[in-house]
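Participant: Note that the sequence shown covers residues 1 to 190 in the numbering used here.
From the three backbone atoms N, C-alpha and C, an ideal C-beta is built for every residue, glycine too.
What you are looking at is a predicted structure, and each value in this text was computed from that prediction instead of being measured.
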Amino acid sequence: MSSDDELAGRLRAGDETALREVYDRHGAAVLYLTHRLLGNRADAEDVTQVTFVAAWTGRDGFDPQRGTMLGWLLGIARRKAVDRIRSAARDQRTAETVQAQPPAAEESPERIVDRLLVADELERLPDEQRRTLELAFFDDLTHPQIAEATGLPLGTVKSHLRRGMANLRRRWEVDGATSGSRSTGPSRAL
């Protein structure tokens, strides 16, 4: 059985059998950690797999002088688990946002998809930009009312709204979400 240092050298050299040995040696610990963090065996198995893929692709980043291989793997696993938790939370917020906005009578499937896309894109904005846009479009507040509700200066509110709309428009266009009659910005019907 090879030491972790020798195994790390083989892994960094691109030896695929070393990856298998690393998994055999440390996979159970990584799975245990991800299961503790996520509370779901299926998600833990997925994140464990993602961890070892990330370890393989980032193998040049492991430095035995800075810590053990197990510590390095557990650090990757922890970051991947946090990413999974954040992604799930974002998905939940998006679903709640869409559910909080009742669909108009006989709303077309395209409009529902548009609402989902806008809600998802809003979640990707910085918190203050997202909040000011939500207050402006969903709560129909004026700029001074938003400033009062948030405690932000009026100029900052206007800047957040402008930047938020620009970010949404840019993301909407980059993601290929625009097609045909779809507009590049959120509408009040959302």
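Under DSSP, the alpha helix (DSSP H) around residue 52 begins and ends at which residues?
Facilitator: 41-57
Participant: Tell me whether residue 66 sits in a helix, a strand or coil according to DSSP, three-state version.
Facilitator: coil
Participant: Measuring only between beta-carbons, confirm whether residue 24 sits less than 8 Å from chain B.
Facilitator: Looking at the structure shown, chain B is missing, and only one protein chain is on hand.
Participant: Keeping to the same chain, check which residues put their C-beta closer than 7 Å to that of residue 153; ignore five residues upstream and five downstream.
Facilitator: 147
Participant: How far does the alpha helix (DSSP H) with residue 152 in it extend, from its first residue to its last?
Facilitator: That residue, residue 152, is in no alpha helix (DSSP H); it is neither H nor E in DSSP.
Participant: Identify, in the order they occur along the chain, each residue of the same chain with its Cβ nearer than 8 Å to the Cβ of residue 27, setting aside the five sequence neighbours on each side.
Facilitator: 48, 52
Participant: Decide if residue 188 is buried, meaning its Cβ has at least 16 other Cβ atoms within 10 Å, or exposed.
Facilitator: Residue confidence is low: residue 188 scores 40 on pLDDT, short of 50, so the model does not pin down where it sits. No coordinate-derived value is stated.
Participant: Return the chain-ordered ranges of every alpha helix (DSSP H) run that is complete within the stretch 11-45 and spans a minimum of 4 residues.
Facilitator: 16-38
Participant: Find out if the Cβ-Cβ distance for the pair residue 141, residue 81 is shorter than 8 Å.
Facilitator: no
Participant: How is residue 3 classed by DSSP in three states: helix, strand or coil?
Facilitator: coil
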